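Residue 118 in UniProt numbering is what sits at position 118 of the sequence shown, and the numbering runs on without skipping anything.
Built from N, CA and C at the ideal position, the CB exists for glycine as well.
The model shown is predicted, which means the values in this text are computed figures rather than measured ones.
Heads up, the thing below is written out as structure tokens.
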Amino acid sequence: MKIKWIPTLITAVLSACLLVGGWYMYRNMATVKPFEQILSQIPGVTEAKPDIYQNSVTVELTLDKNADVREVYDKITSEGKSVIGSRELRLQIKEGTNQDKLNDVWSSMLFGIAQAMDHRNYADIPQTLKQAEQQFDGIQAASEMDNENVYITLKDGDSVKHVVLPRAPEQLGAWPNA
Numbered sequence: 001m002k003i004k005w006i007p008t009l010i011t012a013v014l015s016a017c018l019l020v021g022g023w024y025m026y027r028n029m030a031t032v033k034p035f036e037q038i039l040s041q042i043p044g045v046t047e048a049k050p051d052i053y054q055n056s057v058t059v060e061l062t063l064d065k066n067a068d069v070r071e072v073y074d075k076i077t078s079e080g081k082s083v084i085g086s087r088e089l090r091l092q093i094k095e096g097t098n099q100d101k102l103n104d105v106w107s108s109m110l111f112g113i114a115q116a117m118d119h120r121n122y123a124d125i126p127q128t129l130k131q132a133e134q135q136f137d138g139i140q141a142a143s144e145m146d147n148e149n150v151y152i153t154l155k156d157g158d159s160v161k162h163v164v165l166p167r168a169p170e171q172l173g174a175w176p177n178a
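Rendered as structure tokens:
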């Protein structure tokens, strides 16, 4: 029996294209598009781009200046539960321009925040934020916490910096989202 290589090769390529194309269409139509629709309806979110991986869901967000990060996180986890499932949710918040002063403020209080997080003395975080408010003119700092994260918001006029710190510390390295 003699195998005809050209028809076999064409059949294999077409089969692979159909499988990959079908998987891509399913992934976009059944998971990504509905999740993007959920994200667009959350108050405070101006732009959202989800990336769904096997063990995690990363959402790149642009928030308006009055957004409450903890509420946004809660809405994403509750309304996107069917897509997120048991995956870890990670927020990457894109900040606007004019972040130099806020980055300086964040750098100045990073050691105090890191120490509070490492020692699980979360009550020290508002004290560190008040010190930063007193040290830098025009800075407003706020923090919130839930069972999974600590949320810190720094404001300077129209500039806003949001930081989400996981309460379960990473084994090695710094916070990936700070």
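Exposed or buried, residue i, counting other C-beta atoms within 10 Å across all chains shown (16 or more means buried)?
i	result
residue 153	buried
residue 125	buried
residue 172	Unreliable positioning characterises residue 172 in this predicted model, as indicated by a pLDDT of 45, which lies under 50. The coordinate reading is nonetheless provided below. Result: exposed.
Find out if the Cβ-Cβ distance for the pair residue i, residue j is shorter than 9 Å.
i	j	result
residue 110	residue 139	no
residue 99	residue 60	no
residue 31	residue 45	no
residue 72	residue 42	yes
Tell me which residues share the same chain as residue i and place their Cβ nearer than 6 Å to its Cβ, disregarding the 5 neighbours each side in the sequence.
i	result
residue 155	140
residue 57	84, 87, 89
residue 133	139, 141
Between the options, which has its C-alpha nearest residue i's C-alpha?
i	options	result
residue 117	28, 27, 150	150
residue 159	94, 79, 80, 15	94
residue 107	23, 136, 51, 82	136
residue 28	49, 127, 114	49
residue 79	115, 97, 40, 96	40
residue 120	19, 5, 165	165
Leaving out five residues on either side along the sequence, give the residues of the same chain with a beta carbon under 7 Å from the beta carbon of residue i.
i	result
residue 167	148, 149, 150
residue 70	144, 146, 151
Could you pull out every residue in the same chain whose Cβ sits closer than 8 Å to the Cβ of residue i, ignoring the five residues on either side in sequence?
i	result
residue 53	87
residue 130	141
**Asked** Okay, do the stretch 23-38 and the stretch 60-67 touch, 3+ Cβ pairs below 8 Å being the bar?
**Response** Result no; under three Cβ-Cβ pairs closer than 8 Å.
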